[in-house]
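Numbering (the numbering used here), first residue to last: 1387 to 1912.
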């Protein structure tokens, strides 16, 4: 029996975190175990596979790449000096609000010792302003008040210009109501309606929209408001975060693969699923590029493009309206990760992570030896630095070599000491497979359940009805998909946690309710 102290550790420090108990049932399947195909081994697929395998389901995990983790995966690459290192698709912050993702990682790391906290979330603008979340209180509403009081990006004249009525939806964000209210508006237009100060937009809001690899003009205001609730006004976990001490495979996914194997799951990397067809007994035939197998259930845990492509190839899946909605899903613009191995170190006071604004397409800089053991060993051996540059929402037609040079030039602006460094080696990753959450697009996003009771969907594009986003939405939807399959088999699923599902404080909720009244809404809607 799990103790209340263990439950508290899983939830975090926020006593108002919401617990979502699983439906009653037996602990494990009885008799011959049903078989489930989990297609895609990113966070969502790994969570679904874990939730099922732990309860005795015969799981086959299909992944077309040779590695696990999806967009948080990693693979080996050899540098010019002969060193084998791990490349990935870039920095990811494991926020302390990610209760279900962290619960997945606790399967092999109960104390989360493979994660380490970065001491700050600093932001720097080209206008010379510096912001930090290190000393901002974590508990709302003091977090918002402290944030404004400590930030040089907020000026008194700008604050006076804000339309408080237009900003009221941020005080009591609920799912799905926030989508009913704000999904038809872009994040950019919402901030214009609020008259939010230009100097503080990146700090307070655009940092969240950039997390979705989207320009604020493309992103749904509802999605931005939800992330503001998750990280800021709705949660007492704060905006500081953890990062893996080692590259993603060693720190996260290799141990979890071993865990799944011990629970008799079959992990099939390098295996692409090409076709899925329902069969008369209620199951499915799953055809991969290696063989064809029958399964009692299927979890589609693919990225947006992969989901759209597979459903288009499988005309018997779902019904026509469901397939049409899947076909309308869009991907975000490309993003770039440039990792550079420099022949000399960056200045000793450079943080492990820095968000940037106004430096061309450069969105952040990571100095990997500050937190990752592999990079630290390379630094100790060579005296150099391993630096990573991110550019989000890059124009699709941007010339790659030009963009790489621009990012390097901006690094020299932000960290001038790097202008004299020699780039000993470099890797550049371009991808455009993240989901886009456009204004008005919420209705097309799939839910976990589909027209077929044994076919479920998981991933960060999925509508869960819960206040989760990004990696946490992926993990949560994966467990929800497992729970949906376990339910008709009479098996108890995974208990979940989320940040509070509404605004904190009766006064703030009352103000938000007032703002939803017809007379006020007519004045303030963007």
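All residues carry an ideal CB built from backbone N, CA and C; glycine is no exception.
Per-residue burial, residue i [other beta carbons within 10 Å of its own, 16 or more giving buried]
| i | result |
| --- | --- |
| residue 1531 | exposed |
| residue 1635 | buried |
| residue 1647 | exposed |
| residue 1584 | exposed |
| residue 1788 | exposed |
| residue 1334 | Residue coverage of the chain in this structure runs from 1387 to 1912, which leaves residue 1334 outside it and unanswerable. |
| residue 1597 | buried |
| residue 1734 | exposed |
| residue 1879 | buried |
| residue 1421 | buried |
| residue 1483 | buried |
| residue 1690 | buried |
| residue 1747 | buried |
| residue 1674 | buried |
| residue 1552 | buried |
| residue 1387 | Low confidence applies to residue 1387: its pLDDT is 37, below 50, so where it sits in the model is not reliable enough to give any reading. |
| residue 1905 | For residue 1905, the predicted model reports a pLDDT of 45, less than 50, meaning its position is unreliable and no value from the coordinates is stated. |
| residue 1695 | exposed |
| residue 1914 | The requested residue 1914 is not part of the displayed model; the chain covers only 1387 to 1912. |
| residue 1449 | buried |
| residue 1855 | buried |
| residue 1468 | exposed |
| residue 1475 | buried |
| residue 1644 | exposed |
| residue 1805 | exposed |
| residue 1521 | exposed |
Local conformation of residue i per DSSP, three classes
| i | result |
| --- | --- |
| residue 1909 | For residue 1909, the predicted structure reports a pLDDT of 48, less than 50, and the residue's modelled location is therefore unreliable. A value from the coordinates is still provided. Helix. |
| residue 1752 | strand |
| residue 1732 | coil |
| residue 1400 | coil |
| residue 1771 | coil |
| residue 1854 | coil |
| residue 1580 | helix |
| residue 1657 | coil |
| residue 1432 | helix |
| residue 1564 | helix |
| residue 1387 | Low per-residue confidence applies at residue 1387: pLDDT is 37, beneath 50, and the placement is therefore not dependable enough to give any value. |
| residue 1758 | coil |
| residue 1713 | helix |
| residue 1546 | helix |
Check whether residue i and residue j have beta carbons under 8 Å apart
| i | j | result |
| --- | --- | --- |
| residue 1501 | residue 1492 | no |
| residue 1724 | residue 1810 | no |
| residue 1604 | residue 1481 | no |
| residue 1871 | residue 1840 | yes |
| residue 1838 | residue 1641 | no |
| residue 1424 | residue 1441 | no |
| residue 1890 | residue 1402 | yes |
| residue 1443 | residue 1876 | no |
| residue 1405 | residue 1850 | no |
| residue 1670 | residue 1684 | yes |
| residue 1790 | residue 1749 | no |
| residue 1434 | residue 1867 | yes |
| residue 1760 | residue 1471 | yes |
| residue 1727 | residue 1454 | no |
| residue 1679 | residue 1446 | yes |
| residue 1600 | residue 1718 | yes |
| residue 1807 | residue 1730 | yes |
Residue i at chain C interface by Cβ criterion, 8 Å
| i | result |
| --- | --- |
| residue 1457 | Protein chains in the displayed structure number just one, and chain C is not present. |
Practice item. Would you check if there are 3 or more beta carbon pairs closer than 8 Å linking the segment 1544 to 1561 to the segment 1594 to 1614? Key: yes
Check your understanding: Quick one: any contact between the segment 1419 to 1431 and the segment 1860 to 1868, if contact means 3 or more CB pairs under 8 Å?
Key -> yes
**Study point:** Completely contained beta strand (DSSP E) runs for the segment 1782 to 1841, where each covers 3 or more residues
**Key:** 1809 to 1817
Practice item. Please confirm if the segment 1826 to 1844 is in contact with the segment 1775 to 1789, defined as three or more CB-CB distances below 8 Å between the two stretches. Key: no
Point to revise | Cβ pair count under 8 Å reaching 3, the segment 1739 to 1750 against the segment 1814 to 1822 | key: no
Practice item. Output the residue ranges of the alpha helix (DSSP H) runs that lie fully inside the segment 1856 to 1890 and measure 4 residues or longer, sorted by chain position. Key: 1856 to 1872
Review point. Which whole runs of the alpha helix (DSSP H) in the segment 1686 to 1710 are 4 residues long or more, in chain order?
Key: 1690 to 1699
Exercise for review: Would you check if the segment 1455 to 1466 and the segment 1700 to 1714 touch, i.e. whether three or more CB-CB distances between them fall below 8 Å?
Suggested key: no
Check your understanding: Would you call the segment 1501 to 1518 and the segment 1655 to 1662 touching, i.e. three or more CB-CB distances under 8 Å?
Key -> no
Practice item. Report yes or no: do the segment 1770 to 1777 and the segment 1751 to 1759 share at least 3 C-beta pairs separated by less than 8 Å? Key: yes
Practice item. Identify every run of the beta strand (DSSP E) within the segment 1448 to 1528, keeping only runs that are complete inside it and at least 3 residues long; order them along the chain. Key: 1460 to 1464, 1470 to 1474, 1501 to 1503 and 1509 to 1511
Check your understanding: Unbroken alpha helix (DSSP H) runs of length 4 or more, entirely within the segment 1591 to 1645: which are they?
Key -> 1593 to 1597 and 1607 to 1614
Check your understanding: How about the segment 1446 to 1458 and the segment 1708 to 1717: do they share at least three Cβ pairs that are nearer than 8 Å?
Key -> no
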